[in-house]
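**Student:**
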Amino acid sequence: MNFETAMTDKYLTFLLASEEYAVDILRVQEIKGWNKATVIPNTPDYICGVINLRGIIVPIIDLRLRFKLERLEYGPMTVIVVVRVLSSGNRERIMGIVVDAVSDVYDITGDDIKPPPDFGSVISIEFIKGLVTVDDKMVIVLDIDRLLNSAELALTEQVTH
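Next comes the structure, spelled out in structure tokens:
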């Protein structure tokens, strides 16, 4: 065990279709209730549009649609988690992700995160950093920098600038 993987980090967990997902809490800028996004034409269906967050135009991604899950109507429990992602040039971008509900904050060490199983080409695991067991349940740890590829990030940059 090395020092880096033994350090404990905090992860924010949230629900999507009854599964629990986690992101590094240091990447979370804020959590806000659902606001209708301004739809941008000719974008993929999982890009809901953009919102104005205190003068910053923020693209909003519906994780249900990004992960090819069933579309749900947005309601009072729907939440936007505003996160900081790194683009291919290590440039920081702000992005909102729509989730069903925020769940909890857990302390997780790097050693606790296990690599995702290899499903071959049948199931894409490109967004998954790993899996961790917390309180007898499996939590999927996301690699938020990979939620959008470089072309999709470039598209959101064109829209927001």
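For the sequence shown, numbering that gives the first Met the number 0 gives the first residue as 0, with consecutive numbering after it. Quick reminder that beta carbons are idealized off the backbone N, C-alpha and C, glycines included. Remember, predicted model here, so these are calculated numbers, not experimental data.
Would the segment 75 to 90 count as touching the segment 130 to 148 if we require 3 or more Cβ pairs under 8 Å?
**Tutor:** The answer is yes - the segment 130 to 148 touches the segment 75 to 90, with three or more Cβ pairs under 8 Å.
**Student:** Would you grab the beta carbon distance between A100 and V78 for me? Rounded to a whole angstrom, and I think it's under 8 Å.
**Tutor:** Position 101 of the sequence shown holds residue 100. Position 79 of the sequence shown holds residue 78. At roughly 6 Å, the Cβ-Cβ gap stays under 8 Å, so A100 and V78 are in contact.
**Student:** Tell me whether the beta-carbon of M47 lies closer than 8 Å to the beta-carbon of I59.
**Tutor:** Residue mapping note: residue 47 aligns to position 48 of the sequence shown, counting from 1. Residue mapping note: residue 59 aligns to position 60 of the sequence shown, counting from 1. A small fix is needed here, since residue 47 is Cys in this sequence, not Met. Cβ atoms of C47 and I59: closer than 8 Å.
**Student:** What is the DSSP secondary structure of R63, reduced to helix, strand or coil?
**Tutor:** Sequence index remark: in the sequence shown, residue 63 carries index 64 (1-based). The answer is helix: DSSP assigns R63 an H, G or I state.
**Student:** Per DSSP, what kind of secondary structure is I127 in: helix, strand or coil?
**Tutor:** Within the sequence shown, the letter at position 128 stands for residue 127. I127 falls in the strand class under three-state DSSP.
**Student:** Use the C-beta contact count for L11: other C-beta atoms within 10 angstroms, 16 or more gives buried, fewer gives exposed.
**Tutor:** Residue 11 sits at position 12 when you count from the first residue of the sequence shown. So L11 ends up on the buried side.
**Student:** Among G129, D61, K31 and T108, whose alpha-carbon lies nearest the alpha-carbon of T42?
**Tutor:** Taking the sequence shown and counting its residues from 1, one reaches residue 42 at position 43. It is D61 whose Cα lies nearest to the Cα of T42.
**Student:** Give me whichever residues DSSP pairs with A21 in a beta bridge.
**Tutor:** Along the sequence shown, one-based indexing puts residue 21 at 22. For A21, which the question treats as bridged, DSSP gives the partners T12 and V140.
**Student:** When the Cα of L25 is compared with those of W33, N51 and I107, which residue comes out closest?
**Tutor:** Your numbering for residue 25 matches position 26 in the sequence shown. Of the candidates W33, N51 and I107, the one whose C-alpha sits nearest the C-alpha of L25 is I107.
**Student:** Considering just the uninterrupted stretch of the beta strand (DSSP E) at V80, what are its terminal residues?
**Tutor:** For the purposes of this step, residue 80 is taken as residue 81 along the sequence shown, with counting starting at 1. From DSSP, the beta strand (DSSP E) with V80 extends over V78 to L85.
**Student:** Have a look at E29 and I93 and give me their C-alpha separation to the nearest angstrom.
**Tutor:** Stepping through the sequence shown from its first residue, residue 29 is reached at position 30. Stepping through the sequence shown from its first residue, residue 93 is reached at position 94. Going from the Cα of E29 to the Cα of I93 covers about 11 Å.
**Student:** For I112, list the residues DSSP reports as bridge partners.
**Tutor:** For the purposes of this step, residue 112 is taken as residue 113 along the sequence shown, with counting starting at 1. The partner list for I112 (beta bridge, DSSP) is empty, contrary to what the question assumes.
**Student:** Which value, in whole angstroms, describes the spacing of the CA atoms of R70 and S17?
**Tutor:** In the sequence shown, residue 70 corresponds to position 71, counting from 1. In the sequence shown, residue 17 corresponds to position 18, counting from 1. Their Cα atoms are separated by approximately 13 Å.
**Student:** Among G95, V133, P116 and L64, which residue has its Cα nearest to the Cα of L15?
**Tutor:** In the sequence shown, residue 15 corresponds to position 16, counting from 1. Comparing Cα-Cα distances from L15 to each of G95, V133, P116 and L64, the minimum goes to L64.
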